[in-house]
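Before any comments, here is the structure.
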Amino acid sequence: MGDLINIFIKSAFIENLALSYFLGMCSFLAVSKSVKTAIGLGIAVIFVNGLTIPMNWLIDHYLLGEGGLFGMDLTFLRFIIFISTIAALVQLVEMIVEKVSPSLYNSLGIFLPLITVNCAILGASLFMIAKEYNFSQSVSFGLGGGVGWALAIIAIAAIREKMQYSHVPAPLRGLGMAFLLTGLMGMAFMGLMGIDPAAFK
Amino acid sequence: MAEVKDIKIKEESAFSFGKVEKKLISDPLNDNNPITVQVLGVCSALAVTTLLSKAIVMGIAVTFVTAFSNLFTSMLRNYIPKQIRMIVQLVIIAFLVTVVELALKAVNYPIWKELSVFIGLIITNCIVMGRLEAFAMANKPWKSFLDGIGNGLGYAIILIIIAAIRELFGKGSLLDFKIIGPTSEYMLNTTDISLLSWYTGNNLMILSPAAMFVVAIIIWVQRHYNKKLVDIS
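Sequence lines, in order, name chains F and A.
All residue numbers for the first sequence refer to this note's numbering, where the first residue is 56 and numbers rise by one.
All residue numbers for the second sequence refer to this note's numbering, where the first residue is 24 and numbers rise by one.
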């Protein structure tokens, strides 16, 4: 259990997908103009990340691996299979959410389909493979990564909302400032790197 | 296979290279740059730019993928049903990326090792997807191919600028060739005359936030000279 909490904290803060690896930057910069939409996208990412990573783990181990269903090493198919799983799962989540909770569906809106091409999701799946996690660890890693990404985008959206009242040089306005802010936040998150995850064991 | 060949022969007559085609290539280099203007494909741009060699390899890989995914999607554009176009596009991209990954692994293993997941992440690189949606689904193959090359080059050029700045100031070298700073790591080899031998590498430049600052500065410089890009809101 301590191990799982350890991975959760590590993936949420120390190895934050958005601010340490700079994954999912396209939507990170495009959707972070207001806190409200940022929260919607953040929740959607936690949801999809928490589902796709264990799902991809199962597929990788029971279908593609050498001990899998086909009995041969199919790992060269990883990219195609993973991205299709993500696309299919996003579609599925969208349909389920629409049926079960229309209000949540409306608040998430267009962000659900957008997540398919969010590199944070595919990136987290590939990191999960690279780090050789087991199943329960991959669940914890998926949730932690999603929470970290959501925290980062909500924080930057809040800063950007305040930024509208500041006097910024014209060429830097908007996009340039967003890049600078993300860089500064990335440096702030680096302060967390000193944390020894073993302390949580 | 026969169908593909037929289309190619038909398009041969349209292989022109006039003003419109030239603009397709030159536009993404400045006015419509994928990274600094369209804000597409930023993720990988930041992670792979610590060394110039990595950035060059990544630039070539992305140019290859954008060019050929644009070409193939454009060839198939009339046969793809609208509802499942995303999955079809993703499969085309994933196929090309797998080709690139296996080729790189065979040709240059150390660089493949260093780029690790970021070659795979070309699949979700928004430039590729964005160009397919915005251009290839509505244009002829030859034009789409050029558009892909243009956008790939626009991406590569920014990557190379960022990587050159980061490697020069972070490690004092370019393409692993020492340019500034002491040639020996512990400054023992003082008889060697090198440029600015007092310079010690700035470790901040190796860290990923530095890439953000460099991109911000590039955007600042570009928008200073190109006033029509300035954000009015």
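The beta carbon of each residue, even a glycine, is placed where N, CA and C say it ideally should be.
Everything numeric in this text was worked out from a predicted model, so none of it was measured.
Cβ shell of residue i (< 7 Å), same chain only, five flanking positions each side left out
i, result
"M150 (chain F)", "none"
"P109 (chain F)", "F190, S193, V194 and G197"
"L159 (chain F)", "V152"
"G69 (chain A)", "Rather than Gly, the amino acid found at residue 69 (chain A) in this sequence is Leu. Closer than 7 Å at Cβ, skipping near neighbours: S231, A234 and M235."
"L79 (chain F)", "Reading off the sequence shown, one finds Gly at residue 79 (chain F), where the question assumed Leu. So the qualifying residues of the chain are L72, A73, N173, C174, A175 and W204."
"F137 (chain F)", "N111, L177 and S180"
"L258 (chain F)", "With chain F covering only 56 through 256, there is no way to say anything about residue 258 (chain F)."
"L74 (chain A)", "A186 and E190"
"T10 (chain A)", "Lying outside 24 to 256, the shown extent of chain A, residue 10 (chain A) is not represented and no answer is given."
"T86 (chain A)", "I172, G175, L176 and A179"
"I115 (chain A)", "S92, F95 and T96"
Chain-order list of residues whose beta-carbon lies under 6 Å from that of residue i (same chain, five-residue window excluded)
i, result
"K128 (chain A)", "W135"
"V86 (chain F)", "T92 and L96"
"V80 (chain A)", "I134"
"G153 (chain A)", "L63"
Span of the alpha helix (DSSP H) around residue i
i, result
"T171 (chain F)", "Careful: T171 (chain F) lies outside any alpha helix (DSSP H) and carries neither H nor E."
"K65 (chain F)", "Element bounds for K65 (chain F): n/a, residue is neither H nor E."
"R246 (chain A)", "S231 to Y248"
"E190 (chain A)", "P164 to K194"
"R100 (chain A)", "No alpha helix (DSSP H) contains R100 (chain A), which DSSP labels as neither H nor E."
"G143 (chain A)", "V140 to G143"
"E187 (chain F)", "Run containing E187 (chain F): none; DSSP gives neither H nor E here."
"Q146 (chain F)", "R133 to V155"
"K88 (chain F)", "Here K88 (chain F) belongs to no alpha helix (DSSP H), and DSSP marks it neither H nor E."
"L47 (chain A)", "K42 to S49"
Residue environment, residue i, which counts as buried when at least 16 other CB atoms sit within 10 Å
i, result
"M56 (chain F)", "exposed"
"I241 (chain A)", "buried"
"V202 (chain F)", "buried"
"M248 (chain F)", "exposed"
"K77 (chain A)", "buried"
"S36 (chain A)", "At S36 (chain A), the pLDDT of 49 sits below 50, so the modelled position is not reliable and the matter cannot be decided from this model."
"G246 (chain F)", "exposed"
"K154 (chain F)", "exposed"
"D128 (chain F)", "exposed"
"Q112 (chain A)", "buried"
"T237 (chain F)", "buried"
Cut-off 8 Å between Cβ atoms - residues of its own chain near residue i, not counting five sequence neighbours on either side
i, result
"L230 (chain F)", "L84"
"A233 (chain F)", "L84, S87, I211 and R215"
"A143 (chain F)", "none"
"A117 (chain A)", "I146"
"E34 (chain A)", "Because E34 (chain A) carries a pLDDT of 48, less than 50, the predicted location of this residue cannot be relied on, and the following value inherits that uncertainty. Only K163, P164 and W165 meet the Cβ criterion."
Inspect the CB distances between the stretch 106 to 114 of chain A and the stretch 226 to 236 of chain A and report whether three or more fall short of 8 Å.
-> no
Just by C-beta distance, which residues in the stretch 105 to 139 of chain A are closer than 9 Å to chain F?
-> M109, I110, L113, V114, I116, A117, F118, V120, T121, E124, L125 and S139
Contact list for the stretch 64 to 85 of chain A against chain F, Cβ threshold 9 Å = G64, V65, C66, S67, A68, L69 and A70
Below 9 Å between beta carbons is the criterion; list the residues of the stretch 69 to 81 of chain F that meet it against any residue of chain A, in chain order.
-> L74, S75, Y76, F77, L78, G79, M80 and C81
Any residues in the stretch 103 to 122 of chain F with a beta carbon nearer than 8 Å to a beta carbon of chain A? Which ones, in chain order?
-> none
The stretch 66 to 73 of chain F touching the stretch 40 to 58 of chain A, judged by at least three CB pairs closer than 8 Å | no
Near-chain A residues of the stretch 91 to 103 of chain F (beta-carbon distance less than 8 Å), N- to C-terminal order = none
The stretch 118 to 132 of chain A touching the stretch 58 to 75 of chain A, judged by at least three CB pairs closer than 8 Å = no
Which residues, taken in chain order from the stretch 202 to 221 of chain F, show a beta carbon closer than 7 Å to some beta carbon of chain A?
-> none
Below 7 Å between beta carbons is the criterion; list the residues of the stretch 128 to 142 of chain F that meet it against any residue of chain A, in chain order.
-> F131, F134, I135, I138, S139 and A142
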